[in-house]
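1 is the number of the first residue of the sequence shown in full-length UniProt numbering; add one for each residue after it.
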Amino acid sequence: MTVALALVRQVFSQIRDPLRSITAALSKLASGSLAIEVPQLDRRDEIGEMASAFEVFRNNAMALAEARKLADGLASYDALTGLANRRLLASIIGDSVNRAISETSAFAVMLLDLDRFKAINDLKGHAAGDAALCEVAARVRAVIGDRGTVARLGGDEFAVLIFDVSAEAERCQPLSSLAAAIIATVREPIDVLGGQVHVGVSIGIALFPSDGQDAEGLLRAADLAMYRAKKEGAGLVHFFEPAMIQDMEAQSALESDVRHALRSGQIRPSFQPIVDLVDGRIAGFEILARWQHPVRGFVPPDVFVPLLDGLGLSEALTAAMLRQACRHARAWGRHARLAINVSPAEFQNAGLPSLILDILADEGIDPSDLAVEVTETAVLQDINAARRTVSALRDSGIEIVLDDFGTGYASLHYLKELRFDKLKIDRSFIQSLQKNPMSLKIVESVLHLARGTGIATVAEGIEDDQTLADLVRLGCDFGQGFHFSKAVEAELAKAMLIEGSTAISGVAVKAA
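Structure, rendered in structure tokens:
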């Protein structure tokens with residue numbers, strides 16, 4: 001009996017003790033602890049299977065915890081630069097708001113937007129762009145140190161939260177100096193993929209509590225200040241001002257109006273004559289967009305054209321102006337050549353030649369009766385894209401004019417390679433011919449260069465008899481400007497063709 005009782009106790013112990021170990025481990029796991037010793041049971045019965053199953057469960061729980069930790073990191077940090085992302089920054093700003101309220105203190109939010117970054121992606125590729133972003137992140141973080149938190153909001157936009165800004169420092173030297181240090185370090189050349197690239201940065205600054213009461217309000221205020229800095233010139237810093245809100249609302253209203261104007265036909269083409277300076281005949285008309293708003297009145301092109309460009313509607317504007325102008329030209333019943341400007345963004349678009357040719361075909365205009373004017377800036381943004389566009393347009397018979405020549409950086413190599421038909425000398429040189437000997441020498445040099453390469457020349461901005469006489473003497477081929485005529489509506493352009501005179505400034509110009 002005693003032996004049997006001892007045997008029962010031994011068997012019971014072999015069952016009870018492992019179960020206690022497993023139960024204790026399960027309790028720890030249930031409390032959230034993963035630092036658990038799994039009972040090692042060398043047995044093949046149900047208890048052994050239970051211990052093995054527990055080990056698998058524990059391992060899966062550890063893997064899930066690691067995955068959650070990784071997911072939390074991805075949700076809070078930028079994968080490329082390792083900086084805090086927008087979500088984490090908003091949380092940190094929220095904590096800073098609470099602390100600043102309790103301590104009656106202040107802090108600042110800087111919003112940074114890189115200048116000229118898109119060109120790196122376009123010309124060097126996204127790998128170079130990513131490398132540049134990482135270097136910028138490292139440089140900004142080095143400047144800020146432990147004074148704040150640096151975050152990447154997305155794309156080429158960064159933010160900096162500066163802790164403990166004293167009331168006396170608001171909008172004063174300390175923050176301005178810090179922003180200047182960021183601008184200086186970002187401006188330094190960046191080594192990427194065996195070469196160097198250059199970017200700049202524009203900075204907007206908002207203060208708590210004066211400029212915003214939460215993360216959304218502060219980031220919005222800093223964003224408005226940053227756009228003001230960009231508007232005033234790249235590489236600047238600007239503090240938020242309440243008037244920026246009214247400016248933004250006015251800008252938004254103008255954007256809405258210009259969208260409607262483009263859709264409804266409020267924006268219409270006007271025509272400025274281009275005159276052959278050899279025989280005085282009208283050689284054609286440049287198409288210029290004009291907007292007469294029913295309430296705002298006349299809106300200058302230098303206001304609404306960049307606005308449409310920023311809205312991604314420059315191509316729609318070009319298409320609308322070209323189509324309307326072609327219809328007018330066909331209705332005139334007289335042969336007339338047209339010229340139209342295209343923006344840099346349009347010129348880099350591989351679909352531009354097809355767009356133009358389709359409109360010409362629809363409206364019954366021969367491609368040889370159209371000239372496309374493009375600036376040096378558009379050409380140099382992407383020389384390969386420019387080469388393709390120029391070739392496609394010229395091969396169809398369309399004339400290519402390099403506009404504003406002398407204000408950019410076009411090389412003689414590009415003039416030869418891209419085969420421009422005409423050079424349009426910028427008005428700044430033409431209008432200072434009488435006052436600035438250097439302008440005269442530059443114009444003489446351009447005309448000599450053009451003659452030597454077989455490229456015709458156009459002088460824009462002719463406003464007086466003496467300038468016209470000088471250009472004729474120097475051998476300029478074509479001219480336009482207020483001396484001949486301002487841009488006029490279609491009916492007056494038709495009358496010029498029929499009557500053979502611009503009837504502007506007393507200068508008679510023969511019709512073609």
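The beta carbon of each residue, even a glycine, is placed where N, CA and C say it ideally should be.
Measuring alpha carbon to alpha carbon, tell me which of the options ends up nearest residue i.
i    : options                : result
F107 : S96, D257, L311        : S96
G125 : F429, G195, C476       : G195
E255 : V299, Q213, F429       : V299
I190 : R451, I144, R139, S210 : R139
H238 : V165, V109, T104       : V109
Q348 : I162, S102, A378       : A378
V165 : F208, L447, V275, P269 : F208
G200 : G212, L219, A179, P353 : A179
L161 : K118, K424, S177, A222 : A222
L88  : S76, N98, L80          : S76
E216 : R86, S177, A119, N384  : R86
A316 : L262, I365, F163, N384 : L262
I267 : R147, I356, S314, L440 : S314
H260 : A243, A234, L468, L308 : L308
K422 : I455, F117, V258, L468 : I455
P242 : G233, L218, S264, D257 : L218
Roughly how many angstroms lie between the CA atoms of residue i and residue j, to the nearest whole one?
i    : j    : result
F420 : I93  : 55 Å
L402 : A100 : 57 Å
A132 : G312 : 26 Å
D156 : F482 : 43 Å
S428 : A142 : 44 Å
M496 : D464 : 20 Å
E135 : V197 : 11 Å
G310 : L111 : 20 Å
R451 : A371 : 19 Å
D214 : V488 : 53 Å
M248 : L224 : 8 Å
L474 : I442 : 12 Å
R388 : D382 : 10 Å
V446 : T81  : 48 Å
V303 : V295 : 16 Å
A336 : A79  : 58 Å
F163 : G145 : 11 Å
P301 : A459 : 20 Å
A234 : I120 : 16 Å
A181 : L418 : 42 Å
L355 : N384 : 19 Å
If I measure Cβ to Cβ from residue i and keep anything under 7 Å in the same chain, skipping five residues before and after, which residues do I get?
i    : result
D470 : L433
T318 : I340, V342, E346
Q466 : Q434
P273 : I282, F285, Q480, F484, S485, M496, T502, V509
Q431 : G461, E463
F240 : G204, I205, A206, D211, A221, A222, L224, A225
A493 : F271, F285
D332 : Sequence inspection shows Trp at residue 332; the Asp mentioned does not correspond to that position. Counting only Cβ-Cβ distances below 7 Å, and skipping sequence neighbours, we find K494, L497.
L236 : S202, A229
Drop a sphere of 10 angstroms on the beta-carbon of residue i, count the other beta-carbons inside from all chains shown, and report buried for 16 or more, exposed for fewer.
i    : result
M438 : exposed
G461 : buried
K231 : exposed
S252 : exposed
H448 : exposed
T104 : exposed
R228 : buried
S202 : buried
E491 : exposed
E376 : buried
A329 : buried
A386 : buried
A289 : buried
Quick one: residues in its chain with C-beta nearer than 6 Å to the C-beta of residue i, no 5 flanking neighbours on either side, listed in chain order?
i    : result
L193 : A128
P367 : L360, S396, G397, I398
E373 : A339, N341, V401, D403
F158 : L112, R152
P269 : I287, M321, Q324, A325
V472 : L277
A137 : T81, L83
V150 : L83, V140, R141, I144, V160
G154 : none
By DSSP's criteria, residue i is part of a beta bridge. Which residues make up the other side?
i    : result
P437 : P437 is not bridged to any residue.
H293 : G297
Y227 : Y227 pairs with nothing; no bridge assigned.
F208 : F107
R388 : R388 is not bridged to any residue.
T149 : L161
Quick one: residues in its chain with C-beta nearer than 8 Å to the C-beta of residue i, no 5 flanking neighbours on either side, listed in chain order?
i    : result
E444 : L474
Does any CB atom of chain D fall closer than 8 Å to the CB of residue i?
i   : result
D95 : Considering every chain present, this structure includes no chain D. It has just one protein chain.
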